Each structure stands twice: as structure tokens, then as C-alpha cells.
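These protein sequence lines map, in sequence, to chains H and C.
Residues in the first sequence are numbered from 224 upward in steps of one, following our numbering.
Residues in the second sequence are numbered from 24 upward in steps of one, following our numbering.
What follows is a short report on a single structure.
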Amino acid sequence: MEILKVLSRNVDLLILDEPTSVLTPLEVDELFDLLEQLREEGKSIILITHKLKEVQSVTDRIVVLRHSEMVGNVKTEQATTERLARLMVGDVFEQEADAVELTDQELPTKEKRRAVDHSRDGVLHVEHLLVRGNTGDVAVKDLSFDVHGGEIFEIAGVEGNGQSELVELLTGLRVPASGSATINGANILGVSPRRIYRLGVAHIPEDRWELGLVLPFTLAENAILGVHQWEQFKGPLSFLRRGRINQHVRELMDRFDIQATGPNAPAKSLSGGNQQKLIVGRELTKDPAIIVASQPTRGLDVGAAHYIRQTLIEMRNNGRAILLVSADLDEVLALSDRVAIMYEGRFMTMCDPQSLSRERIGLLMGGVKEAEAIA
Amino acid sequence: MRERPPIGSTRLLRGVYRTLTGLHPALESVLAAVVGLLIGALLMYIWGFNPWKAYIALLKGAYGGSYEISSSLSRATPLILTALTFSICLRAGMFNIGAEGQMYMGAVASVCVALFVLPPGVGQILGLVFAATAGALWSLVPAFLKLTRGVNEVISTIMFNWISKWLALYVTIFLLADPARSEKTLSIPVAARFPVLVRGTDLSYTLFVSIAFALVIYFVLWHTTFGYEIRAAGLNPTAARYGGINSKRTIFLAFVLGGVSAGLAGATIVMGLRPTYAIYGGGGMPQLLNMGFDGMAVAMVGRNHPIGILIAALFFGGLSAGGRVMQFYGSNPVPLEMVRIVMGAIVLAMSIPELIRIFPAAKKQGQEFVGLMRRLSRRGPKEEEA
């Protein structure tokens, strides 16, 4: 174990970054015993984690970071779980300020949405899904859920709790361990990405540089990634119809407000926001039944983020199903019709976000169950 | 106390870095060629030759008149095709070093035309078809090994070059040998050869085969969905997978196209040079030897673009044609090997900007590799416990 290697070096200062993410609960207990022992020996230990329980069980002092700023510095005995959660997700005052900002931007109201019949199977229907991560550990543990047309179903949670693996599975980029998943009744497990897109899945990926775009390609070439086999772009002998493709790109640039010098600009010359708008535009032209969007606004400027959220809501109002994965609390509260909070591969809860306070969401994201939170 | 490097020199280094990485690709190639020629000049000077005179001889020998230009073009003809082999596969993200071997197979296959009596016009086409098929089949084996067993294509294609070389020699000596002159194979009859384009030279109509194929490859790569998929999978395999592109298919396709190209290169040599030309088994297959490897240099200088390759092949063809003149010129002639040194120096100079550019990426990859090993070692004891 790496940790043991570090310990054997007889250090005075030990920094551990999410040390428990690869350990079993039993091993975690052992580790913490060891850490306490080290503390008794007079060593300094810095523990970086998002798990509230861990924080409270071993530490003496807690520093809370949010958006790269230090927002809290408290003694552990004085810190209640609620207080930590509030510090992690932002203050009540800020929350109200955000709410005002959002109404200023006139989000389409929820009344517009159609009634969703939750008793029926959704567009996406997932049952007892088990997914393994890259290292062979179980990243998604026995999940079952439905996403219906006309709703935004959001999976919230701190990154690295199985969301990426789930999304990769649903879009054909990962092989399932067990369970079932269907889109409009058709199986999508172990099916190639191309077939899955044909079933009407659009995917706005988490990593737009690695997955969403071929960076050295031009805007036009990127705009047809995944749809390049469409009749409208393909002439006789599989020739690409450059004229039509360029026209299509110009339409995308107009409709999605993509700032670029032209269809032949390399994708890497675009700003992050414009790259993301290009991906969103491309995916929406697929006329999808369900949109799987993973952290679609991460790292974007306010304008681009707002635009993309607006677009997602429009698609929702058009009766599309939207599966949104996000770690951004504001996004959860502003967008989702239903939210599931994911922690270590499981859903902590699944409900209407209006029924949850920010603190409760923060607690759940940190892995603290309801009963414990009340106590 | 440790001294910091002076700020002036770091700024200079950064400036050099920016200049070298920001150059237009075509300019980079020209710069590399110039650097290669300068290194050659330096070596000639050290060994007591007159570089100026030698290069004038080389230039005259390469482009000094219609005969010289013709022989440069005739040497460029197969180089264009073997360069395309390397470039097509590189565009798909594969290092196909096997042009040499695929070219031998193509050459041997095209000699087979000599076994039949054919109406005029058919022989040429049949020869090209034979050669293309043989080249493609030869390149399919490494492709299959890669796709089904994950065998590294660099290693398998290099090994296949050797197999192919001795196989070709065997066939030329024992199966296709000319009964009258046992050191060479049967010659393809004149009616089935590509006619000479400029009288008295080696340049034949096969030049147009090369140019046409380069243009075809250009259109395939940049104007069809096949080429689009090949390039996407080569540049970013994960994004290609996300875009529903089957990278196994694109690799397969690239190897087939590359094999066809290298096979044709063999045919252009056997069917294009003067009427008596055939593969000389005894002499270690002159004319064919190294054409595949030189093609890789051409591909690099041509920036793996068919049009760039056409220009680069003319340059390299000129080097090798002019080099022959250079070694007979003046009182202190420069040996032919010097030309190969220049070629080597150009290839090295080509790689400098690329090296500088990939250095940060390579460093990052190295770190990721170390990280992966650490993670694996972290997993090790855990599994033992279980």
C-alpha cells in the first residue's frame, strides 16, 4: 500500500488526499487508528476529503474550501455536521442572492412542463445496475431509476462517486457488470455507441477535450462527429458534402451563438464556452429522445453556462428526457425536476429538490444519512 | 546556495521554443531540409571536400536538365507511394514500418505478369492489380495481429519486412528466374510495361500512377467519411469511439490502403524502368532496396499530407539522382554515402520541433505512467489479503 510506504519513511508531515476512496470500510478504520497513533507520536497530518464522517471522526481542526477559497476554519468539537455542510455548499445569504440572479435571467418556469407519469417506465429505464470502475472496483452499486420524457432528472454528488462510470455505461463507452438498462424498451447494455445514438441518445460528455471533440479538427469536422454518416452529409461514394456541412455549421453557430472565425477554424482555437456550445449544438441536432449531460457547465463563464442551462430546459419543455449529472448545487436547485444524490455508487435519496434544503443536500453529498443528520 | 539560471537565457530558450513550435508545418519542413544540407556541408568540410562544389554538382545532377529532372522524377515515383503507406497509417494512429516488405511483395507479384501472354493494355492493369493485392495481403497480417491479439504494429511490420525480403529473394531465384540469365527474374514483356515518358531516361508513365494514387488518397482522407473516420480515430481515439467510430475498422482500412500503396510502389519500379529491368536476386534487389524506408523520410518531410509528399518526393528523388552525379564530379568527388548522411540529417532535423512539442506531453504521460504503477502496487497487497 502506498500509504504504508509513506509511513515507513518516518515523516513528520503527512498529507493524505482522499485516502479512503480506494479502501474498504474495515481498512478505513485501520487507517484511522494508525493516524491517531501517529498523532500521539507528534506527527502532523493533513487529511483532504469530502466525507463528513471521516472529517469528524479523526480530525482536530477543519478548514473548509469552496471555489478555491477558504470559507471556514473551525475546531472539530465545535463543528456540527450541519455547519460543515452549510460551509461546504455556501451560505443561506448567498443562496438567496443566487435565486435573485436566476429570476433575473428569467428561467422558463416549471409550469410549462408537462405532467410526468411516474408510474410508467421512463424513456430510460435502469434496473439493478452494477458497474465496475477502471481499477475493477464496483463504482455503481445496484442502481434502479427511470428518466421520463419532459423531466430533468439530476444526479448530484461530489465527483468520483460513480457518476462518470454510470454515464459511460449508458452511452456505450463502458461494459456493464450486471443489471439492465433500456431506452424506449431497447436494450443498451453492451451495445456500441453508434447503435445507442441511433436509439436517440445525445451525450454531452464530462471531458470535452478528450471525449467531446477532436481538438485538431476544424469546427466543421467536429460538428459532424457522430452524425457524419447521416444522409444529408454523405454524397455518392461516401464523399462528404462540404457545402452542406459548412452550411450546417453556420446554422449551429447562429443558433447556439458560437463565436469562431468560421467553419474551418480549428476546434482548439475556440474558448471553453464556445467548445461546449458546439458540443451541445451538435448533440441537439441529433433530435434525441434523451440527453445525457455530464457536468455540462463546468468551467464555463456565466453567460455560456446560463445559455446551456436554458437550452436544456427548452429541450425538457419539448418533452425530451434529460439525465443531468452535476456537482454544482446551484444547478441542482435551478434545473432539476427530480434529484438523486449519489454517494459511493448509491443513491442517498431520490426526490423533488424543492423538498430539500441546501444543508440537507450538502449532508447527503457528504454521505450523511437523514437519521444521523437529525441526531 | 543554488544558483538560478539567468533570466536572459530562459527567455531565449522560450523564444526558440515558441519559434520552433509555432512555425507553419511547410516552413518547418523547408527549415529541416536546410539544416540537413548544412550538416552535410559541415561533414564534407571536415573530411576535406568542397561542399559548395559538391552541392552545385548535386543540384545540377538533380534538376540541371530534362534528363536530370527525369531521373529525379523516376526515383520519386516509388517514394511517393511508400511515403503514402506510412502517412495513411499514421493518420489512423498506427506506425506502419512495413512499406519495404509490402513493396517487395508488390514487385514480385507484378513480375508474375511476365508468365502470361496478354493483349496489350491488359498487362499493365493486371500488374498493378497483382501488386496492390499482394501488398494489401502482406499488410493485413500485421493488421490482424494488431486487432485480434494486440501485437504492436511497429514490431510486427519490421519483422515482416525481413520475412518478405528473403521470401522475395527466394521467389526471384527459384521460381521466377530468367532461364537465360539466372541472376535476374523474367522481364515483363514490353507490351505489358509502362512506356517510357522521356526517351533515353528511366522516367515512365508509372509517374502518373503515383500522382493519381496520391490524389485519390487525398480525396479519401479529406473528402470521404472513411477518411474522416480514419483521421478522427488517429487524432483522438476516445472521441472517435464517442462519435460511434469503430477504430478497429479504421485501422484495418488504413493498413489495406497502405499495403495497396506499397504494393503499387513495387510495381512502378518493376514495370516502369527500362525494358530489360527485372528484379536482380543476386545483387540484393537493387532499385528496390530501401525504397520503403526512404518513403518514411519523404512522409515526414511531406508532413504526412499527399500533396506535401509529392513535393518532398521530388526533393528526395533529386537528392538520390544528384548524389550519383556528385560522386563523379571534379577532382575530389564526394562519395554517395554523403547523400544518405544528408537524408538522415534532414530526418533528424525534422523531428526536433516535434520533440520539443511533445516534450510536455511526454513528461505528463511519464508521470501518469508512474501514477498508474503506484496505483497498481497499491492494489497488489489488497488482493493478497482477499
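Quick reminder that beta carbons are idealized off the backbone N, C-alpha and C, glycines included.
Here the structure is a predicted model, which is why all the values come from computation and not from measurement.
Other residues of its chain near residue i: CB distance less than 6 Å, five sequence neighbours each side excluded
i         : result
H:Gly-614 : Absent from the structure is residue 614 of chain H, since the part of chain H shown begins at 224 and ends at 598.
H:Asp-283 : Thr-299
C:Lys-169 : Glu-176
C:Ala-155 : Val-283, Gly-286 and Leu-287
C:Gly-257 : Arg-114, Ala-115 and Gly-116
H:Leu-547 : Ile-375, Glu-377 and Ala-516
Bridge-paired residues (DSSP) for residue i
i         : result
C:Ala-159 : Partner(s): none; C:Ala-159 has no beta bridge.
H:Ser-401 : H:Leu-353
C:Pro-212 : Its beta-bridge partners do not exist; DSSP assigns none.
H:Val-297 : H:Ile-285
C:Lys-207 : C:Tyr-303
H:Glu-565 : The question names Glu, yet the displayed sequence has Met at residue 565 of chain H. Paired residues: H:Phe-570.
H:Ile-238 : H:Ile-269
C:Leu-138 : Note: C:Leu-138 sits in no beta bridge, so no partner.
H:Val-363 : H:Val-354
H:Glu-305 : Paired residues: none, contrary to the question.
H:Ile-545 : H:Ile-375 and H:Ile-514
H:Asn-410 : H:Thr-405
Minimum Cβ-Cβ distance from residue i to chain H less than 7 Å
i         : result
C:Thr-247 : yes
C:Ala-262 : yes
C:Leu-333 : no
C:Val-259 : Position check: residue 259 of chain C holds Asn in this sequence, whereas Val was assumed. Cβ-Cβ to chain H under 7 Å: yes for C:Asn-259.
C:Tyr-127 : no
C:Tyr-265 : yes
C:Ala-80  : no
C:Tyr-352 : no
C:Val-393 : no
C:Ala-115 : no
C:Ala-255 : yes
C:Tyr-90  : no
C:Ala-409 : Residue placement at C:Ala-409 is poorly supported in this model, since its pLDDT is 35, which falls under 50; the coordinates still yield a value, given next. Judged by the 7 Å Cβ criterion, C:Ala-409 is not in contact with chain H.
C:Tyr-251 : yes
C-beta neighbour in chain C for residue i, strict 7 Å
i         : result
H:Glu-433 : yes
H:Leu-448 : yes
H:Pro-459 : no
H:Leu-463 : yes
H:Tyr-566 : no
H:Tyr-530 : no
H:Val-437 : yes
H:Pro-416 : yes
H:His-451 : yes
H:Ala-598 : Since pLDDT at H:Ala-598 reaches only 40, below the 50 mark, its modelled position is unreliable, and the value read off the structure follows with that caveat. False, the Cβ-Cβ gap to chain C never drops below 7 Å.
Exposure label - residue i; buried when at least 16 CB within 10 Å
i         : result
H:Gly-526 : exposed
C:Asn-327 : buried
H:Glu-391 : buried
C:Leu-230 : buried
C:Cys-135 : buried
H:Gly-522 : exposed
C:Phe-278 : buried
H:Lys-491 : exposed
H:Asp-510 : exposed
H:Cys-574 : exposed
H:Phe-368 : buried
C:Met-67  : buried
H:Glu-537 : exposed
Residues of its chain near residue i, where Cβ-Cβ distance is below 7 Å and the 5 sequence neighbours each way are ignored
i         : result
C:Pro-143 : Ala-214
C:Arg-254 : Arg-114 and Leu-244
Neighbourhood of residue i by C-beta distance below 8 Å, restricted to the same chain and skipping five residues each side
i         : result
H:Glu-350 : Ser-367, Gly-402, Ser-403 and Ala-404
C:Tyr-90  : Val-221, Gly-223 and Thr-224
C:Val-393 : none
Could you say if the stretch 52–64 of chain C and the stretch 353–369 of chain C meet the contact criterion of at least three C-beta pairs nearer than 8 Å?
-> yes
Does the stretch 308–325 of chain C come close enough to the stretch 240–256 of chain C that 3 or more CB-CB pairs lie under 8 Å?
-> no
Evaluate contact between the stretch 376–384 of chain H and the stretch 403–420 of chain H, counting only Cβ atoms and requiring at least three cross-stretch pairs below 8 Å.
-> Contact between the stretch 376–384 of chain H and the stretch 403–420 of chain H is absent: fewer than three C-beta pairs spanning the two stretches fall below 8 Å.
Would you call the stretch 416–430 of chain H and the stretch 261–279 of chain C touching, i.e. three or more CB-CB distances under 8 Å?
-> At 8 Å Cβ cutoff, the stretches touch.
Are the stretch 117–131 of chain C and the stretch 282–302 of chain C touching by the rule of at least three beta carbon pairs closer than 8 Å?
-> yes
Is the stretch 563–574 of chain H in contact with the stretch 529–538 of chain H, if contact means three or more CB pairs nearer than 8 Å?
-> no
Count the C-beta pairs between the stretch 511–518 of chain H and the stretch 424–436 of chain H that are closer than 8 Å, then say yes if the count reaches three, no if not.
-> The way I'd put it, the stretch 511–518 of chain H does touch the stretch 424–436 of chain H; three or more beta-carbon pairs between them come closer than 8 Å.
On the three-pair Cβ rule with 8 Å, is the stretch 127–134 of chain C touching the stretch 339–358 of chain C?
-> no
Does the pairing of the stretch 462–480 of chain H with the stretch 426–436 of chain H give three or more beta-carbon distances under 8 Å?
-> Too few Cβ pairs lie closer than 8 Å, so no.
How about the stretch 86–102 of chain C and the stretch 251–264 of chain C: do they share at least three Cβ pairs that are nearer than 8 Å?
-> no
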